[in-house]
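Q: What follows is a structure written as C-alpha cells; I'll ask about it next.
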Amino acid sequence: MIETWALEKLEPLRNERLVIVHDPQRMIRRGATVVEGWAVQHGFTVIFPSGNLGFRDQFEQIRDNADLKVVLVDRSREDRGLPLFYPDLQSRVSSRARLKLTLRDFLAERTGDDRWPKEVNDRNLSRLVLGNLEGTIRAHQQLRDANPQRFTDSDLYKIVLGATLGINPFKTLTAQEIRSLCIERHQRLEDVRGLFAASGASQEAQAVLEALKKQVAAAERPWCWMLDHDPQDVVRAFTLACILNQHGLEYEVLLGNFDSALGRYQDIP
Numbered sequence: 107m108i109e110t111w112a113l114e115k116l117e118p119l120r121n122e123r124l125v126i127v128h129d130p131q132r133m134i135r136r137g138a139t140v141v142e143g144w145a146v147q148h149g150f151t152v153i154f155p156s157g158n159l160g161f162r163d164q165f166e167q168i169r170d171n172a173d174l175k176v177v178l179v180d181r182s183r184e185d186r187g188l189p190l191f192y193p194d195l196q197s198r199v200s201s202r203a204r205l206k207l208t209l210r211d212f213l214a215e216r217t218g219d220d221r222w223p224k225e226v227n228d229r230n231l232s233r234l235v236l237g238n239l240e241g242t243i244r245a246h247q248q249l250r251d252a253n254p255q256r257f258t259d260s261d262l263y264k265i266v267l268g269a270t271l272g273i274n275p276f277k278t279l280t281a282q283e284i285r286s287l288c289i290e291r292h293q294r295l296e297d298v299r300g301l302f303a304a305s306g307a308s309q310e311a312q313a314v315l316e317a318l319k320k321q322v323a324a325a326e327r328p329w330c331w332m333l334d335h336d337p338q339d340v341v342r343a344f345t346l347a348c349i350l351n352q353h354g355l356e357y358e359v360l361l362g363n364f365d366s367a368l369g370r371y372q373d374i375p
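Residue 184 in this note's numbering is what sits at position 78 of the sequence shown, and the numbering runs on without skipping anything.
Spelled out as C-alpha cells, the structure:
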C-alpha cells in the first residue's frame with residue numbers, strides 16, 4: 107500500500123540523475139521490491155544510509171561515476187539530534203527531485219481526508235499505525251461513520267487504539283468483544299498501554315486509555331484485570347484454572363503452587 111504510493115511519487119522523476127527522498131517515519135523498507143524494482147528498471151542505485159559515516163563510505167565509492175543515477179533515502183527522524191548531513195548532494199539536486207514522504211500525507215491521500223493531525227507522524231504513534239495500516243484505514247472510516255466532520259487529537263488516539271486492537275473505538279464494546287480482545291490480543295493491549303500510559307503522553311491519550319480501562323474494568327473476572335495486571339499472567343491463570351477445573355481440582359488452592367505470581371488470581375469464577 108505505502109510502497110505503491112511511494113512509487114507514484116517517484117515515477118515522474120525517472121529521468122533525474124539524483125533523487126533525495128526524506129522518509130522520517132521510515133515507511134520505505136530496505137529491500138522493498140516496489141521501490142528498488144523501479145530503481146533498477148530506470149538505472150538508479152538506491153542508498154539507505156545508516157549514519158553519516160556509513161553514508162560517506164557508500165557514496166565515496168560511486169561519486170566519480172558520471173553515468174550513475176542515485177536515489178538517496180534519508181530516513182533520519184525529525185527529532186534526531188544528528189541528522190544525515192549531505193550539503194554537497196543538496197546543492198546538486200533539483201527542487202522537484204527532493205521528496206518528503208510522511209505518514210500523514212499518505213493517510214490524507216489514501217482516505218481523502220486532509221484533517222489528519224500532524225501528531226500521527228510521532229515516532230511511537232507511527233510505529234503502531236504502520237504495523238496496522240488496514241486497521242487504521244478501517245478505524246478512520248468508523249470515525250467518519252460516527253461523525254462525518256470531526257477529527258480531534260482524541261479521535262487520532264482512538265483510531266490508533268482501534269487499529270492496534272482490532273475493535274471499533276467509537277462505540278461501546280460488548281462483553282463478547284472484551285473477552286475476545288483480552289484472550290486473542292492481550293499482547294497488543296500491553297503495547298497500547300505502554301504507549302498511552304507513558305510519561306509525557308498527552309491528556310488526550312490518557313483520556314482514551316482511561317475510557318478503554320473503564321470498559322474493561324466493567325467486564326467479568328478475569329478480564330477486568332487485563333489493564334492493571336500483566337495480560338499474559340491473566341491469560342495463563344485463566345487457562346490453568348480451566349484445565350484444573352475440568353479435572354475436578356481446586357484451582358483456587360493450587361494456582362499459587364504452580365506459580366506464585368498466579369496466586370493473586372485464585373478467585374477467578
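Beta carbons are placed, not taken as given, at the ideal position from N, Cα and C, and that holds for glycine.
Sort PRO130, ASN158, GLN248 and MET107 by Cα distance to VAL141 and report the nearest one.
A: Against the sequence shown, residue 141 aligns to sequence position 35. Out of PRO130, ASN158, GLN248 and MET107, MET107 has the C-alpha closest to the C-alpha of VAL141.
Q: Taking the alpha carbon of SER200 as the point to measure from, which residue in GLY300, GLU296, ASN121 and ASN171 has its own alpha carbon closest?
A: Position 94 of the sequence shown holds residue 200. Nearest of GLY300, GLU296, ASN121 and ASN171 to SER200, Cα basis: ASN121.
Q: How is ASP163 classed by DSSP in three states: helix, strand or coil?
A: Counting from 1 along the sequence shown, the entry for residue 163 is found at position 57. It is helical.
Q: Which residues bound the alpha helix (DSSP H) around HIS246?
A: The residue labelled residue 246 in the question sits at position 140 within the sequence shown. The continuous alpha helix (DSSP H) containing HIS246 extends over residues 239 to 252.
Q: May I have the straight-line CA-CA distance separating PRO375 from ARG342, to the nearest angstrom?
A: Residue mapping note: residue 375 aligns to position 269 of the sequence shown, counting from 1. Residue mapping note: residue 342 aligns to position 236 of the sequence shown, counting from 1. About 15 Å.
Q: Of all the alpha helix (DSSP H) runs that stay within the bounds of the segment 288 to 335, which reach a length of 4 or more residues?
A: 292 to 302 and 309 to 323
Q: Any heavy atom of the ligand ADP closer than 7 Å to the beta-carbon of ARG162?
A: The ligand ADP is absent from the structure shown, which contains no ligand whatsoever.
Q: State the start and end residues of the unbroken beta strand (DSSP E) segment that holds PHE150.
A: The residue given as residue 150 occupies position 44 in the sequence shown. Run containing PHE150: 150 to 153, per the beta strand (DSSP E) assignment.
Q: Rank LYS319, LEU178 and VAL340 by C-alpha distance to the C-alpha of GLU290 and give the top, closest one.
A: On the sequence shown, residue 290 is found 184 positions in, with the first residue counted as 1. For GLU290, the nearest C-alpha among the options comes from VAL340.
Q: Under the rule that 16 or more other beta-carbon atoms within 10 Å means buried, what is ALA191, buried or exposed?
A: Looking up residue 191 in the sequence shown gives position 85. Reading the sequence as shown, one finds Phe at residue 191 and not Ala. With fewer than 16 Cβ atoms within 10 Å of its Cβ, PHE191 is classed as exposed.
Q: DSSP three-state label for ARG204, please.
A: Here residue 204 refers to the residue found at position 98 of the sequence shown. Residue state for ARG204 is assigned as strand, using DSSP reduced to three classes.
Q: Under a Cβ-count criterion, where at least 16 other Cβ atoms within 10 Å of its own Cβ denotes burial, should THR270 be classed as buried or exposed?
A: As a first step, residue 270 is located in the sequence shown; it is residue number 164 there, counting from the start. A buried status is given to THR270, since no fewer than 16 other beta-carbon atoms sit within 10 Å of its beta-carbon.
Q: Quick test of the definition: if touching needs 3 or more C-beta pairs under 8 Å, does the segment 162 to 171 touch the segment 110 to 130?
A: no
Q: Excluding the five sequence neighbours on either side, which residues of its own chain have a C-beta within less than 6 Å of the C-beta of TYR357, listed in chain order?
A: Here residue 357 refers to the residue found at position 251 when the sequence shown is read from its first residue. Excluding residues within five positions, the ones whose Cβ falls inside 6 Å are ALA347, LEU350 and ASN351.
Q: With DSSP run on the structure shown, which of helix, strand or coil describes VAL340?
A: By one-based count along the sequence shown, residue 340 stands at place 234. Looking at VAL340 - three-state DSSP - the assignment turns out to be helix.
Q: Use the C-beta contact count for HIS376: other C-beta atoms within 10 angstroms, 16 or more gives buried, fewer gives exposed.
A: Outside the shown range of the chain (107 to 375) lies residue 376, about which nothing can therefore be said.
Q: Per DSSP, what kind of secondary structure is ASP180 in: helix, strand or coil?
A: Taking the first residue of the sequence shown as position 1, residue 180 is located at position 74. Strand.
Q: For LEU279, which of helix, strand or coil comes out of DSSP?
A: The sequence position of residue 279 within the sequence shown is 173, counting from 1. Coil at LEU279, not helix or strand.
Q: So what does DSSP say about LEU355, is it helix, strand or coil?
A: Position 249 of the sequence shown, counted from the first residue, corresponds to residue 355. Three-state DSSP puts LEU355 in coil, outside helix and strand.
Q: Alpha carbon to alpha carbon, what distance is there between SER197 and LEU301?
A: Sequence index remark: in the sequence shown, residue 301 carries index 195 (1-based). Sequence index remark: in the sequence shown, residue 197 carries index 91 (1-based). Taking the straight line from one Cα to the other gives about 40 Å.
Q: Assign LEU207 to one of two classes, buried (16 or more other C-beta atoms within 10 Å of its C-beta) or exposed (fewer than that).
A: Translated into positions along the sequence shown, residue 207 becomes position 101. Result: buried.
Q: First and last residue of the beta strand (DSSP E) that includes VAL140?
A: Position 34 of the sequence shown holds residue 140. Unbroken run through VAL140 is the alpha helix (DSSP H), 139 to 147; no beta strand (DSSP E).
Q: By the three-class DSSP mapping on this structure, what secondary structure does VAL235 have?
A: In the sequence shown, residue 235 corresponds to position 129, counting from 1. Of the three classes helix, strand and coil, the one that applies to VAL235 here is helix, per DSSP.
Q: For THR242, count neighbouring C-beta atoms within 10 Å of its own C-beta (all shown protein chains included) and say buried if the count is 16 or more, exposed if not.
A: As a first step, residue 242 is located in the sequence shown; it is residue number 136 there, counting from the start. So THR242 counts as buried.
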